[in-house]
Amino acid sequence: MSQLRLNPLNGRWVAIAAERASRPDDFAPRIEPPAPSLRCPFCPGHEEETPPALETYGRDGEWLVRVVPNLYPAFEGRGDFAVEDLGPVFHQAPGTGIHEVLVFSPDHRASWADLDDKQVGLVIAAIRDRLEDHAEQASVRYTQTIVNHGREAGASLEHPHGQLLGIPFVPEELQAEIEGFAEGDDACVLCTTLDDEEAAGHRVLLADDRVMVVCPFWSATPYEMLVIPRTHEGHLAHAAPADLVSVSRAMRDSLAALTRLVGDAAYNLVFHTAPHRSTDRFHWHVHVLPRLTSVAGFEAGTGVLINIVAPEQAAHDLRRA
Ligand SMILES: [Zn+2]
Ligand SMILES: [Zn+2]
Ligand SMILES: [Zn+2]
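Going by the numbering used here, the letters in the sequence shown line up with residues 486 to 806, in that order.
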């Protein structure tokens, strides 16, 4: 089991998961010609190379989406967030929780940008179902859903997949957003963003009656995008099916525009939803974070990111792509 350790300088928890260092690394360079990877554990026909599926979607023995436990979990097992103080600056807790892999296409070479209309709906329905499941485990306080695409974004396997990490505490990044939502007397910061970005217009990449994708005013990295459902709802798991499908399709179309503009870039998809069972004000959303530049010393030292592409320019470029 991994171990959580508190950095007393900044109040952030770190997960020490040394076992994960032993996982295989069969990521093929994306420029190589397409060839079915014989060793890929996520390809159809290799189901026995992963632990048994928790959920599969599809029929007649042909799965379209498959959820399996992570073979090298960063968080594992039940148990509360039992913080142990070993001294004034040594605080640790067991890394309990859930770590799952969401294989979101049977096609080894596909990405979210390639999913058809049926598949975009299935993928996000699978995420919703897993979040509902995680919420039933009392010791899991928050689940982070992510997709890492490309090695620069942290993907260690090429086959299109995401991960759901259910953890025993509410992490700092989420806590900071919860505090952002708590500010302001009645208006939700993302509901206001929907109104004000729509009025400004020039940072909007696409919009329909259920969702808007913007290059946000405060974009910290080139071509950063924020996908915001129009319905104010804190929990992704409580969103209407039509909103879920619209968000997933908008992500697909935005990523396709990014690919046309800059090629097959690495990116992270970060789903932010309210902590399980929380009634704090929140409005679920998805961050699309292309990894076109690397974080350097100034950014590491200050947390202040320097963005070399203004979001107004980014939205203009993406709309034209
Ligand atoms: Zn594969
Ligand atoms: Zn809202
Ligand atoms: Zn967020």
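The C-beta atom is built at its ideal place from N, Cα and C for all residues, glycine as well.
Short Cβ contact (8 Å threshold) for alanine 722 with leucine 616: yes
Nearest-angstrom Cα separation, counted from tryptophan 703 out to valine 789: 11 Å
Nonlocal neighbours in the same chain, by C-beta distance under 8 Å from aspartate 592, ignoring five residues either side: Asp599, Pro645
Buried versus exposed call for arginine 551 [16 or more other C-beta atoms within 10 Å across all chains shown]: buried
Minimum C-alpha distance to serine 739 - residue among Phe666, Ala672, Ala800: Ala800
Span separating the alpha-carbon of leucine 607 from that of alanine 705: 31 Å
Whole-Å CB distance - arginine 776 paired with alanine 623, under 8 Å assumed: Actually they do not touch by this definition, with Cβ atoms about 35 Å apart.
Rounded separation between aspartate 614 and threonine 581 - CA only: 21 Å
Length at least 4, wholly inside the region 584-657: the alpha helix (DSSP H) runs in chain order: 602-620
Exposure label - threonine 628; buried when at least 16 CB within 10 Å: buried
Per-residue DSSP class, three states only, for threonine 677: helix
Where alanine 724 falls, given that 16 or more other Cβ within 10 Å makes a residue buried: buried
Exposed unless 16 or more other CB atoms sit within 10 angstroms - verdict on isoleucine 583: buried
Cβ pair count under 8 Å reaching 3, the region 654-667 against the region 777-796: no
Within 8 Å, strictly: CB atoms of valine 655 and proline 760: yes
DSSP-derived helix/strand/coil call for proline 536: coil
Residue span of the alpha helix (DSSP H) that contains phenylalanine 783, given as start and end: 782-787
Contact check, glutamate 683 vs glycine 496, beta carbons under 8 Å: no
Contact test: histidine 634 Cβ vs ligand 1 heavy atom, cutoff 7 Å: no
Nearest residue (CA-CA) to threonine 467, options Asp545, Arg524, Leu556, Asp693: The structure shown does not extend to residue 467, since the chain spans only 486 to 806, so no value can be given for it.
Straight-line Cα distance separating aspartate 570 from valine 696: 45 Å
Status (buried if at least 16 other CB within 10 Å, exposed otherwise) for threonine 787: exposed
Rounded C-alpha distance that separates serine 487 from histidine 770: 29 Å
Nearest residue (CA-CA) to arginine 594, options Cys528, Ser731, Pro537, Asp545: Cys528
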